[in-house]
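Protein chains in written order, with full-length UniProt numbering: chain A, 1 to 199; chain S, 1 to 199; chain P, 1 to 199; chain B, 1 to 199. Down below is the structure, laid out as structure tokens.
There are 4 protein chains.
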Amino acid sequence: MGRPAGVSGAETMRAVRKAAIERIWRHGFEAMNLRDLAADVNLRLGSLYNHVPQKQEFLGNLLEDIMLELLQDFALRMEGLEEPMARLSAFVRFHIEWHTARKQETFIGNMELRSLTAEQHGRIIGLRKDYEAQVRAIVADGQKAGLWQVDDLRVTTLALLSLLTGISDWYREDGRLGQERLIRIYQRLAVRLLGAKSS
Amino acid sequence: MGRPAGVSGAETMRAVRKAAIERIWRHGFEAMNLRDLAADVNLRLGSLYNHVPQKQEFLGNLLEDIMLELLQDFALRMEGLEEPMARLSAFVRFHIEWHTARKQETFIGNMELRSLTAEQHGRIIGLRKDYEAQVRAIVADGQKAGLWQVDDLRVTTLALLSLLTGISDWYREDGRLGQERLIRIYQRLAVRLLGAKSS
Amino acid sequence: MGRPAGVSGAETMRAVRKAAIERIWRHGFEAMNLRDLAADVNLRLGSLYNHVPQKQEFLGNLLEDIMLELLQDFALRMEGLEEPMARLSAFVRFHIEWHTARKQETFIGNMELRSLTAEQHGRIIGLRKDYEAQVRAIVADGQKAGLWQVDDLRVTTLALLSLLTGISDWYREDGRLGQERLIRIYQRLAVRLLGAKSS
Amino acid sequence: MGRPAGVSGAETMRAVRKAAIERIWRHGFEAMNLRDLAADVNLRLGSLYNHVPQKQEFLGNLLEDIMLELLQDFALRMEGLEEPMARLSAFVRFHIEWHTARKQETFIGNMELRSLTAEQHGRIIGLRKDYEAQVRAIVADGQKAGLWQVDDLRVTTLALLSLLTGISDWYREDGRLGQERLIRIYQRLAVRLLGAKSS
DNA sequence: GATGAATGAGTGTTCATTCAT
DNA sequence: CATGAATGAACACTCATTCAT
């Protein structure tokens, strides 16, 4: 009944998160029940509460951490890039890589916003706006540099993001096109969308 | 208690649908409970079952009807149009008009697929594929006609659909841009995306 | 599964209250579980909620109704009595009769105050103060009339109430003394406590 | 993690008892949870079990020790007093002092009897009867000595105890009346209750 | 002795669904 | 048709208790 040999809290926590992401992705947050989640990581229901706070709070933390990680990875990837076209390409690559490698995370990150409390929602929407703003900056800089010409900065940025994020609706690792090929296609689509001089 | 005067069964059904769409849109199908839904239309829970089938079946019917209506409206709108560029423009206009006028319906049509049974899911995915196929045909025809040049027909069509559908994530009737202006912007974006010769 | 023949909501409600009083009296509010309570009235747990609100709210309503009934019965009993000594005797008789006939109700009325929310607590303490105030008025009137002489009006009134309420800690219907004999003894004790001229 | 410096087991035990009394007093034994209790004394839940037996047994010990201490203090206070009136005064003083200084202990001593097992209950009721019997002896002796005249020895003794114990329902250290004044008032009430010749 | 982790048995509450009236 | 009442299956969450470390 006591603590079994060789278990660590942090490891269990990671396992719980992974299992939760899978379940939320498949059937949604509301449909994820904690008994099943506990079973996924070989725990009884009660034990789960040694690792996880309230279900609702857990979702908030989860989505927030996903967004934070996205922002952090994005910053790393963009480091040192100055030229708008290079930044656009890097952004498209990054976004696709993240949204295909972390398909489930990004899906629930979009899907389960409505399951958040108002307070959680505000917090996470804030982080999303950060990301948006950085993409908008790329589009704006390229425009200033005369690389492309967009009708409406805000709308075009949102359109660009929709374009890319939509991939996760149908992307499959074993799909017809390799990831690299996909990135190339979308880099070209992005450039076209912005109305770049040559494409 | 008998039926109050002036209330017809069909009317109640319509009211229930409307209320259900609102609730599903706000918090999701799983989070919609039938007691509240009944209250929305001034019924007690038990009475709801005189109008509505099982909750699960109700969702299936709802989503199917939404898709059928979309397809029907689409067909009407495209009637008589032959020229690919005209058809593209008409499609963009139609899609945006539908997805903004019927924001809730289309949102739940995308969102709640996962709440369907396998059988329902298959049926509705089939209808969505119909729609996709019609859009793909426009893209293909324009390509054959030399109006534009896409790298990958399937991917580009999906990208075009993502681009447009994404609007419903942020569109607000009282937003900065009028609907007409939005349509113009997106018609241009679509044309660019496909790599049309002139833009 | 539907509604069985010949059951009425009001009757069930009464049965639930009675069973709850018994259980709370025996083991306390916290120890009363709703599954057992449902079983007491031949219901499954879920059905209980057709009659009873939240457990916490149920307790508040219960205690409030008990106090209201006490106040109402008290008013009836005191009707028409003017003379302080007669009112004192009537009060003692009433209090003992109520606290022995409704032993459980009054016991939990005293005991479970701590299980109330702050808001409920305030409401019910208010009713108790009403009762106290009426008793205090009797003591004060007799004092003004020169029937007795107390050191401190408030304390003596509380002492008188403690004296009488204590009975329910040990009273048993089949006890050594009949209720009538008990009333006589306590009427005398009350008179003495107040320092009445003759006793 | 070993034992922090300067912490002895007996001290911890005392701290736990004190915290437990506070919690039981506020919300009752059933509502006291051991995690919170541990936190009160800066321990984690698991560590509590190095100091405290089963929760149920803990309560039994607690109440028994309270009663034993009461009896012991009572014996000390009454030592050497022979004359009934002096003993009555001393008892009243003692009872009030104990029930105000140890308000919480005596309150839970009365309140939580019902949370005991049958075996514990019997043991503690026995101790209470000891106390009662000693008070009854005082009343009886005074009666024999012609100091006062009661209708029924048992009932009057219980009434006297109710009268005094009731104080802890409303007593507050910062109340209107000082403790000494209160004792005087109740000594007079007690004497009156017994029907003493002069008062 | 202190701690984190695990466990099983509960506990209040919700909900879709059914059916006699 | 509307309603109140009943049902069973679930659900998130709590808690006393145990034990390897």
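Note that beta-carbon positions come from the ideal geometry of N, C-alpha and C, so glycine has one too.
- DSSP places VAL41 of chain A in the coil class of the three-state scheme, outside both helix and strand.
- Scanning its chain for C-beta atoms nearer than 8 Å, with the 5 sequence neighbours on each side dropped, one finds around THR156 of chain S the residues VAL139, VAL150, LEU193 and LEU194, in chain order.
- Straight through space, the alpha carbons of LEU163 of chain B and GLY166 of chain P are spaced by roughly 8 Å.
- Straight across, the Cα-Cα distance linking ASP40 of chain S with GLU30 of chain S is about 17 Å.
- A straight-line Cα-Cα distance of about 46 Å links THR117 of chain B and LEU34 of chain S.
- In summary, SER89 of chain P is buried, with 16 or more beta-carbon neighbours lying within 10 Å of its beta-carbon over all protein chains present.
- Just so you know, the alpha carbons of GLN187 of chain A and HIS95 of chain A end up roughly 11 Å apart.
- Within the region 29-78 of chain S, no run of beta strand (DSSP E) at least 3 residues long lies entirely inside it.
- Look at the region 81-106 of chain A: it has no residue with a C-beta under 9 Å from a C-beta of chain S.
- Look at the beta carbons and you see the region 107-125 of chain P touching the region 57-70 of chain P: at least three pairs across the two are nearer than 8 Å.
- Interface with chain S (9 Å Cβ-Cβ cutoff): HIS27 of chain A is included.
- Counting other Cβ atoms within 10 Å of its Cβ, GLU105 of chain A reaches 16 or more and is therefore classed as buried.
- For GLN149 of chain B, there is no enclosing alpha helix (DSSP H), as DSSP marks it with neither H nor E.
- Under the three-state reduction of DSSP output, GLY142 of chain S falls in the helix class.
- By the C-beta density criterion, PRO84 of chain S is buried, having at least 16 other C-beta atoms within 10 angstroms.
- The three-state secondary structure of GLU105 of chain A, taken from DSSP, is helix.
- With 16 or more other Cβ atoms from the protein chains shown falling within 10 Å of its own Cβ, ALA20 of chain A counts as buried.
- Scanning its chain for C-beta atoms nearer than 7 Å, with the 5 sequence neighbours on each side dropped, one finds around LEU81 of chain A the residues ARG87 and ALA90, in chain order.
- Membership of LYS197 of chain P in any alpha helix (DSSP H) is not indicated, and neither H nor E is assigned to it by DSSP.
- Separation of ASN50 of chain S and MET32 of chain S (C-alpha to C-alpha, rounded to the nearest whole angstrom) is 18 Å.
- For SER8 of chain P, the three-state secondary structure derived from DSSP is coil.
- Among the residues of chain A, those whose CB is under 7 Å from the CB of GLU30 of chain S are GLY28, GLU30 and ALA31, following chain order.
- If you draw a 10 Å sphere on the C-beta of TRP25 of chain S, you find 16 or more other C-beta atoms in it, and that means buried.
- In terms of CA proximity to LYS55 of chain B, B:ALA38 leads the group B:ALA38, B:ALA75, B:LEU68 and B:ILE125.
- Its chain contains HIS51 as the residues whose beta carbon lies nearer than 6 Å to that of THR12 of chain A, once the 5 sequence neighbours on both sides are disregarded; these appear in chain order.
- Using beta-carbon distances, THR165 of chain S counts as an interface residue toward chain A, with a partner under 9 Å.
- In this chain, ASP174 of chain S is not harboured by any alpha helix (DSSP H), its DSSP state being neither H nor E.
- In this structure, DSSP gives GLU83 of chain S a state outside helix and strand, which the three-state scheme calls coil.
- If you draw a straight line from the Cα of ILE185 of chain S to the Cα of TRP170 of chain A, it is about 26 Å long.
- Only residues of its own chain outside the window of five on either side were considered, and among them GLY60 and GLU64 have a CB closer than 8 Å to the CB of ARG123 of chain P, listed in chain order.
- Neighbours of THR157 of chain A in chain S, taken as residues at a C-beta separation under 7 Å, are lacking, since the least C-beta distance is about 11 Å.
- Using a CB distance cut-off of 9 Å, ASP151 of chain A counts as an interface residue toward chain S.
- With 16 or more other Cβ atoms from the protein chains shown falling within 10 Å of its own Cβ, ARG23 of chain B counts as buried.
- Less than 9 Å separates the beta-carbon of GLY142 of chain B from that of ALA196 of chain B.
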